[in-house]
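This report refers to the structure that appears directly beneath it.
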């Protein structure tokens, strides 16, 4: 009888899916993605009849898309990261 009363008295706990470490890594990934989009912007021409070859620079063609892909990889890592794994192995 005592065991049944203890189960009834327990209040449900609301645990979050992600913890502080996950959100920190997610924020870093979002910052890298934002940096990639910022580096990709610009390079247009004020006059539509004049071609500006700056649009094909290394920064816009190689660096910015690479940063965006790295940011998405960081986001995937942040989602799959399990900070409790370290705590469970020590117990």
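Residue numbers (our numbering): 1349 to 1439. In this text, a Cβ means the ideal position worked out from N, Cα and C, and glycines have one as well.
Out of the options, point me to the one whose CA is closest to residue i's CA.
i, options, result
"residue 1417", "1380, 1386, 1397 and 1392", "1380"
"residue 1383", "1392, 1419 and 1398", "1419"
"residue 1408", "1386, 1393 and 1363", "1386"
"residue 1406", "1374, 1388, 1371 and 1397", "1388"
"residue 1432", "1359, 1363 and 1403", "1363"
"residue 1390", "1397, 1428 and 1403", "1403"
CB-CB under 7 angstroms to residue i, same chain, minus the five flanking residues each way: which ones, in chain order?
i, result
"residue 1395", "none"
"residue 1377", "1419, 1422, 1423 and 1426"
"residue 1430", "none"
So, helix, strand or coil for residue i, using DSSP?
i, result
"residue 1384", "helix"
"residue 1414", "helix"
"residue 1377", "helix"
"residue 1360", "coil"
"residue 1370", "helix"
(Q) Three or more C-beta pairs under 8 angstroms: does that hold for the segment 1405 to 1425 against the segment 1359 to 1368? (A) No, because fewer than three Cβ pairs between the segment 1405 to 1425 and the segment 1359 to 1368 fall closer than 8 angstroms, the two stretches do not touch.
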